[in-house]
Amino acid sequence: MKVLALETATIAGSVAIVDSGKGLVGEIRVDVRIAHAERLMSSVEWLLKSSRVLIDDIDAFAVSIGPGSFTGLRIGLSTAK
């Protein structure tokens, strides 16, 4: 099972792909102080491409739920949706 994880609650955001059989497939840290939404989507796309994982290969999404920035949490949830 492959999981795409998004951390957007704090300024030290991250995007990661975890495979239940292999562990951490890839991770990118995102400074989300500037332009949360734009940086997050491009980071997700870059991570998928560099990890050679298609979005269709993702079985589940994990998103932080806080505590942290309400706006950041909404961006993470919207991106996963």
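When we follow our numbering, the leftmost residue of the sequence shown carries the number 18, and every step to the right adds one. Glycine included, every Cβ here is placed at the ideal spot set by N, Cα and C.
If you draw a 10 Å sphere on the C-beta of residue 89, you find 16 or more other C-beta atoms in it, and that means buried. Its Cα nearest to that of residue 27, the residue 83 stands out among 83, 98, 76.
Scanning 42, 80, 56, 32 for the CA closest to the CA of residue 69 turns up 42. Rounded to whole angstroms, residue 25 and residue 62 show a C-alpha spacing of 16 Å.
Less than 8 Å separates the beta-carbon of residue 93 from that of residue 23. With a cutoff of 8 Å on beta-carbon distance, residue 47 and residue 31 are scored as near each other.
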